[in-house]
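Protein chains in written order, with my numbering: chain D, 300 to 584; chain Z, 300 to 584; chain W, 300 to 584; chain S, 300 to 584.
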């Protein structure tokens, strides 16, 4: 237990004394803060905070913390969540035929970089099965047609529930998830879009970028909402291209971006550094 | 004359032997090629080339070159243009109230970085007059209203003609030029747009970027066409932002980008490195 | 007074309760924190913090704040400094013959981006006089030879004292300041070095970069210490080059970098976002 | 054969007519040039060229090309090499305990991005065996001690010869290869160094970067020469860090860089885009 930290993520209407009250709460029970960051959205008069402290030496047990904190949270009308750094979230990776993001996540898992357990790889195709099983992960095939989509989503949801999935990662999954699926995982489905959103939303952004003649392409990691490609953006990055880059070159360059941006978005989520706020994110790095 | 080079920019239907025929033309008259670059657009079967050679030791006078080259150009149905590196293009800078791009161009002019003469600064406002005149350049004020726009554009065109302007630079000029203006300067009007096009075209891209919650903003230097913000892109660059960046911060960061991207686009044009091709550019760097 | 904030920058041995005690101090006197950031250097067990709050509504007058805070500071053995956002530091810019950084700072001053007063431009040459005086700033010429260097530094120090200079900016000043000069402005002299330090320290980094054949060049803004080019780094940035870039191209590209990096380092200092710690900086952005 | 191209890489003393003579050679035998790029090193009066043309329709067979080109090459004292795009170079990857670069190359091989055959993975440790064999490649273990190093290098050389290896890739191989090894693969051993060379050459660049307090870290792909970390640089890239990044964070960020930079350097080599010139490279992208 010695190295475990508690992380409190919260938002509430802005008022004086919030930092003082929250840090005092931790101090009162002998907690040592190792990271504290806050942000005030002036226009909306909203306060956001992330505070992380050591459980080692803290006077409260894990289960006691929410009980002790609840009165303060209520007083200031906070939305809040409490996390512990030794909890390994259970992740389901959705993928279709392009395997570079999946493969990259496997590489990071092998290097111990992924602070999560990959409980399932789910696909509407079979391309990713060998790779998945080779690395000892479970593969689930849900072929999707226009007709069976609703049914398949239900089965997928049942599976996610059974596997106690905390987070869904769309690692180049080429199906659009319906609103009735999304509502079960608000701010807990991360997608990688292969363009610099909002430019080139929708299908085939490589071709769109080529046709427009841009000199830079990008990739975007974001939470998925019912508005396709309009969810809160977590991370973006870009790379330069020139007139010499045909669509396959753009694809090759983009794939490196997609891997890195998805991994960054995922890490920020797993480290509980993100607060969603309207259609935007606050990322406490 | 010893240091002057000739630059040939050309495009034509692709066929075998083009590089050989063109380089042989220069070799036959004892020219020393210092830079040659070519590109073939496969789908459209079009060939593009930029070749630069020393006039020093070249057997043809400047006036003789076009005459001697014409038969070859005709045979291969080339569109072509011949430039000399000692010609200083005459530039008119259009500006409104934001002066950072104008000021930056002045800085570069002072450092000897701008291979052009600024023959006029033209504005629909008076904000830039002092700065312009302080550095010894001519200032022309053409206030624009909904009613007088057509007339003012005519006067501006007359002035550009009188001043023998080669290139128009829109250094944050907040008026939309009409098609009847643009047709006189095809591929010779460069605009800086303060977003990463095609994202956030139109007005107030800073606010648009803030509202969307992007994590990177950009700037785009492009030729102006009748389709606003859709002209061929010459140069783009980006900078990271975070949730902490309010609209004024985005503006501050963007202004640095705009200066650098406009200067880069302008330099590429002045060095005759750009061929326009449909709605895209080929940039021979 | 309504928009003025107080900023407290502090460091001390790490212990529990620091965030709580400091934020409570502000809360007790009815202060509204608008920005708080802290960092703990684990190995050295040192705590660093920047906290900014509104004076509007704060129960203490400016002069009362240090008095009220002193006991807390003493208890925790803090090094600390208090700043107010309406104070405009008085800056002296040192420059030699390359004027791009000076000119860039003038541009930013004109745009209202520079939260400081340029009280003097000081040079060992005359190249910058016209530009300086043209923009209404005072120019002081201290020619430096091997022999008179010590004397000239004394005169410069006397001038800086007379002008109540808070911060010295070396905007491509090509003289090395002696240790006896530096000791009067610890962590208050910012230099721009035209390389990506520690690579290419010393003279002519453009040529060094060319000779080594690097594919990226950089610029570094840092505090000046007695060890040349080894002071704490505040900001760095880079740009790509290729084999085509000869030394003048490297210089041209670098100059854009130098302007931006120096401006960034200066802004971070002026906004009181930097704490120096050994040979390193903590930058609370 | 229809899609195969020939690539000629050459250098020689600069003189007039080189582009014309070389392109005429290709035209004379009915070749269609798809890419031509040249560069002249002014100071050294050296000419460098890369020209690529379609074998389809070319009048000479592969074997005839060198014979036909030799007289021209001799006349102009060219160093030259002829490559064909359907040849898959045979690569040996050397690795020690850090597997991210190896794993990344495997990923690219699986995606069809690697235009080469990995004929061997060679290591002084056993860490990479499982991964290597899992993906159907051959693993060779040569443990190295101070005493047996010379002998092991001999065995490695014998193996490379037996396997007809064209290119050696040091994918985080932590042994220094002796000069007697290196001489067999001039400009054919690519190393990835985990710093922005020439900064932080030698061992533990992560720690060096942390200690110096730089704000940006980098990675460098270069050819290996007898002067450690001083070989010709092929590719570099960088990523920002802050005071919050401890050595493990620097390592994590750097690993992404190393993968991308090594893959880029390798691709440039495999596409025959690099000419080495003194301690520098010319990269025809």
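A virtual CB, placed ideally from N, CA and C, is assigned to each residue, including glycine.
- From the beta carbon of residue 497 of chain D, is the nearest beta carbon of chain Z less than 9 Å away? yes
- Would DSSP call residue 457 of chain W helix, strand or coil? helix
- Item | Chain-ordered chain S contacts of residue 535 of chain W [CB-CB under 8 Å] | 513, 514, 515
- Query: Closer than 9 Å, Cβ to any Cβ of chain D: which residues of the region 323-341 of chain W, in chain order?
  - Reply: 323, 324, 325, 326, 327, 329, 330, 331, 332, 333, 334, 335, 336, 337, 338, 339, 341
- Task: Using a Cβ cut-off of 9 Å (strictly closer), state whether residue 530 of chain D contacts chain W.
- Result: no
- Item | Test item: CB-CB of residue 495 of chain S and residue 470 of chain S under 9 Å | no
- Message: I want to verify the contact list: residues of chain D whose CB lies under 7 Å from the CB of residue 570 of chain S, in sequence order.
- Response: Those do not exist, as residue 570 of chain S stays about 11 Å from chain D at its closest Cβ, beyond 7 Å.
- Task: At 3 residues or longer, and completely inside the region 405-469 of chain D: list those beta strand (DSSP E) runs for me, N to C.
- Result: 416-422, 438-440, 466-469
- Task: Please work out which residues of its chain come closer than 7 Å, Cβ to Cβ, to residue 436 of chain W, disregarding the five sequence neighbours upstream and downstream, and give them in chain order.
- Result: 417, 420
- Query: At a Cβ threshold of 9 Å, is residue 320 of chain Z touching chain S?
  - Reply: yes
- Query: Among the residues of its own chain, which have a CB less than 8 Å from the CB of residue 548 of chain D, if the five just before and after it don't count?
  - Reply: 540
- Query: Who pairs with residue 473 of chain S in a beta bridge, going by DSSP?
  - Reply: Answer is none; residue 473 of chain S lacks a bridge partner.
- The alpha helix (DSSP H) with residue 344 of chain Z in it runs from where to where? No alpha helix (DSSP H) holds residue 344 of chain Z; DSSP gives it neither H nor E.
- With 9 Å set as the bound, which would you pick, yes or no: does the beta-carbon of residue 542 of chain S sit closer than that to a beta-carbon of chain W? yes
- Using a Cβ-Cβ cut-off of 8 Å (strictly less than) and excluding sequence neighbours within five positions of residue 339 of chain S, which residues of its own chain qualify? 313, 345, 346, 347
- Message: I'd like the span of the alpha helix (DSSP H) that includes residue 568 of chain Z, first residue to last.
- Response: 546-569
- Message: So residue 349 of chain S and residue 499 of chain S are supposed to be a Cβ contact under 8 Å. How far apart are they, rounded?
- Response: Incorrect: roughly 32 Å between the Cβ atoms, too far for contact.
- Return no unless some Cβ of chain D is closer than 9 Å to the Cβ of residue 579 of chain Z. yes
- Item | chain W contacts made by the region 547-577 of chain Z, where a contact means CB separation under 8 Å | 551, 554, 555, 559, 562
- Item | Cβ contact (3+ pairs, closer than 8 Å) linking the region 428-442 of chain S and the region 358-373 of chain S | no
- Item | Rounded Cβ spacing between residue 304 of chain D and residue 353 of chain D (contact assumed at less than 8 Å) | 6 Å
- Item | Proximal residues to residue 487 of chain Z (C-beta, below 6 Å), its chain only, five neighbours per side dropped | 466
- Message: Please identify the residue among Z:409, Z:415, Z:401 whose C-alpha is closest to the C-alpha of residue 429 of chain Z.
- Response: Z:401
- Given a threshold of 16 other Cβ atoms within 10 Å of its Cβ, counted over all protein chains shown, does residue 411 of chain D qualify as buried or as exposed? exposed
- Message: Under 9 Å, Cβ to Cβ, is there at least one residue of chain S near residue 412 of chain D?
- Response: yes
- Item | Interface partners of residue 520 of chain W on chain D, CB under 7 Å | Within chain D, no residue comes near residue 520 of chain W; the closest Cβ sits about 22 Å away, beyond 7 Å.
- Message: What does the alpha-carbon distance come out to for the pair residue 393 of chain Z and residue 551 of chain Z?
- Response: 21 Å
- Going by other Cβ atoms of all chains shown within 10 Å of its Cβ, with 16 needed for buried, is residue 445 of chain S buried or exposed? exposed
- Message: Using DSSP's beta-bridge definition, name the partner residues of residue 351 of chain S.
- Response: S:306, S:334
- Which residue spans inside the region 471-521 of chain W form an unbroken beta strand (DSSP E) run of at least 3? 488-492
- Taking residue 464 of chain Z and residue 407 of chain Z to be in contact with their CB atoms under 8 Å, please state how far apart those CB atoms are, rounded to whole angstroms. 19 Å between Cβ atoms; not a contact.
- Could you name the residues of chain W that residue 582 of chain S contacts, counting a contact when the two beta carbons are closer than 9 Å? 514, 541, 542
- Message: Is the separation between the beta-carbon of residue 512 of chain S and that of residue 489 of chain S shorter than 9 Å?
- Response: no
- residue 542 of chain S in three-state terms, based on DSSP: coil
- Item | Contact set for residue 578 of chain S: own chain, Cβ-Cβ below 6 Å, skip 5 residues either direction | 531
- Query: DSSP state of residue 312 of chain S, grouped into three classes?
  - Reply: strand
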